[in-house]
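Some notes on the structure that comes next.
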Amino acid sequence: MKKQFEIYILIFITVIFFITFYYSLEANNKNNPNVMLYKTLPTIELTSFNNANLKQVLPIINEDKHYLINIWSSWCVPCRDEHQTLMKLKDKIKIYGINYKDKKSNAVSFLNELGNPFYFTGIDRDGSLAIEIGAYGIPETYVTNSKGLIVFKHVGPLNEKTYLKINEIIK
Amino acid sequence: MKKILFITLLALCVHTQFAQASAERELRIYKNIRCLVCQGQSLNDSNSDFAIDLKKVIKKKIINNQADREIYKYLTERYGDWVLLNPPLKKNTILLWVIPGIFVILGLVVIARRTHLSFKNKDKLRGL
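For the protein sequence lines, the chains are A and B, in the order given. Everything in the first sequence is counted per this note's numbering, starting at 1 for the first residue and increasing by one. Everything in the second sequence is counted per this note's numbering, starting at 172 for the first residue and increasing by one.
Laid out in structure tokens, this is it:
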């Protein structure tokens with residue numbers, strides 16, 4: 001009787017273990033880029049890329065309007081890939097670019113070559129603005145809604161799938 | 172003249188002491204923050220761009236006299252609990268903290284029973 005009880009306990013513990021570890025396998029324990037989703041975008045002040053006196057504070061609270069924030073750099077290869085998508089989006093949503101640790105001359109020639117999708121481009125010389133809004137690296141894209149909440153966040157280059165998703169959000 | 176020298180030295184001492192304390196604090200925080208773009212490294216171990224930038228941000232906060240708790244809050248708000256190498260006790264981390272305790276108790280129970288049994292056996296043998 002006692003032996004049987006011990007065996008049951010052993011089986012019970014094994015099952016619990018199995019279930020716990022099985023679910024932990026599925027769980028995303030890696031850095032979760034969506035921590036910031038549905039939170040208000042932390043307030044940042046962008047200094048214009050062209051004119052140091054020109055500033056823009058984000059998030060912009062404007063009824064019925066979404067804004068897109070994209071962190072990019074001329075030295076970042078995936079940024080080149082996603083540029084086309086940004087060009088397609090530029091007439092649908094105002095895009096605020098954050099030029100990340102870049103040389104101005106390189107950034108300018110990048111935009112001259114591929115087109116400028118940005119309504120406003122601010123500079124992030126030391127990467128602190130990117131950290132302020134919870135970015136890991138570049139490229140990274142955020143869409144904020146009329147209340148300044150982040151309703152979309154994407155780490156990595158934008159593609160057709162994310163393009164459709166952004167379209168769906170801003171419709 | 173002597174007075175001035177004394178005051179300067181005193182100020183220097185206080186300053187170094189202060190700088191040392193703040194450096195120690197920095198190190199302690201860096202060691203408890205995960206470098207999110209590296210594998211299994213703390214901020215202190217890593218020289219990746221992300222780690223260097225994050226260290227600068229933290230250093231600035233320390234200079235601005237922000238408390239450790241505020242700095243950790245700033246980081247978890249942006250990067251989640253994953254950024255901390257020492258996970259906080261929360262609903263979804265309770266197993267992590269409770270399981271080792273359960274094992275210790277189970278182990279103690281097993282040891283207690285074993286020793287109890289062996290005593291009993293000895294008694295039995297003596298009885299024979």
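The C-beta atom is built at its ideal place from N, Cα and C for all residues, glycine as well.
Reducing DSSP to helix, strand and coil, say where D252 of chain B ends up. The answer is helix: DSSP assigns D252 of chain B an H, G or I state.
Locate the beta strand (DSSP E) running through Q56 of chain A, then write down its first and last residues. Per DSSP, the continuous beta strand (DSSP E) segment holding Q56 of chain A begins and ends at 55 to 58.
Counting along the chain, where does the beta strand (DSSP E) carrying V151 of chain A start and finish? V151 of chain A -> beta strand (DSSP E) spans 150 to 155.
For a test of the three-state rule: what should DSSP assign to E45 of chain A, helix, strand or coil? DSSP places E45 of chain A in strand when its eight states are reduced to three.
For G127 of chain A, the three-state DSSP class (helix, strand or coil): DSSP places G127 of chain A in coil when its eight states are reduced to three.
Locate the beta strand (DSSP E) running through K94 of chain A, then write down its first and last residues. First-last of the beta strand (DSSP E) with K94 of chain A: 94 to 100.
Can you tell me whether L246 of chain B is helix, strand or coil according to DSSP? Of the three classes helix, strand and coil, the one that applies to L246 of chain B here is helix, per DSSP.
Classify R284 of chain B: buried if its beta carbon has 16 or more other beta carbons within 10 angstroms, exposed otherwise. So R284 of chain B counts as exposed.
CA nearest to the CA of N116 of chain A, picked from A:Q84, A:K92, A:V151: That would be A:Q84, whose Cα lies nearest to the Cα of N116 of chain A.
Within chain A, partners of F177 of chain B - CB distance below 7 Å: Correct list: empty, because the minimum Cβ distance to chain A is about 40 Å.
Beta bridge counterpart(s) of G122 of chain A as assigned by DSSP: Beta-bridge pairing by DSSP links G122 of chain A to A:S48, A:I98.
When you compare the CB of D224 of chain B with every CB in chain A, is at least one pair closer than 7 Å? Using beta-carbon distances, D224 of chain B counts as an interface residue toward chain A, with a partner under 7 Å.
Could you have a look at W268 of chain B and say whether DSSP puts it in helix, strand or coil? Here DSSP, grouped into helix, strand and coil, assigns W268 of chain B to helix.
Identify the continuous alpha helix (DSSP H) that holds L111 of chain A and give its terminal residues. Its alpha helix (DSSP H) spans residues 104 to 114.
Bridge partners for W72 of chain A per DSSP, in chain order? Its beta-bridge partners are A:N99.
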